[in-house]
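Participant: Numbering (our numbering), first residue to last: 13 to 97. For glycine and all other residues, C-beta sits at the position ideal for the given N, C-alpha and C. These numbers were taken from a predicted model, which means no experiment stands behind them. Before I ask anything, let me first share the structure, which is written out below as structure tokens.
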């Protein structure tokens, strides 16, 4: 078993697949864990206005393939990175 500072079995660099999401288009998407949302790197990657919401998740994931497109408060957001549980 590999050592980890996170209570979950995942760690940075692991390959992941989205299995639960409010947005059904994200289901089955493949990505790589970039960092824990509790790390200093998350504060750099997340927009300051979104940091509190991001920190309610466990990991920041870099999705492979086409970017994720969503609409938040009337603003279209296009990104390869998502905060996931």
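Could you work out which residue in 71, 59, 30 is closest to residue 89 when comparing CA atoms only?
Facilitator: Here residue 89 refers to the residue found at position 77 when the chain shown is read from its first residue. Residue 89 has its Cα closest to that of 59, out of 71, 59, 30.
Participant: Evaluate residue 111 with the Cβ neighbour count: other Cβ atoms within 10 Å of its Cβ, from every protein chain shown; 16 or more gives buried, anything less gives exposed.
Facilitator: Any property of residue 111 remains undetermined from this structure, which presents the chain solely from 13 to 97.
Participant: Taking Cβ positions, are residue 37 and residue 73 nearer each other than 7 Å?
Facilitator: Here residue 37 refers to the residue found at position 25 when the chain shown is read from its first residue. Here residue 73 refers to the residue found at position 61 when the chain shown is read from its first residue. Contact flag unset, no.
Participant: Exposed or buried, residue 25, counting other C-beta atoms within 10 Å across all chains shown (16 or more means buried)?
Facilitator: For this step, residue 25 is matched to residue 13 along the chain shown. Exposed, by the Cβ-count rule.
Participant: Is the Cβ-Cβ distance between residue 47 and residue 53 less than 7 Å?
Facilitator: Here residue 47 corresponds to residue number 35 of the chain shown, with the count starting at 1. Here residue 53 corresponds to residue number 41 of the chain shown, with the count starting at 1. Yes. Within cutoff.
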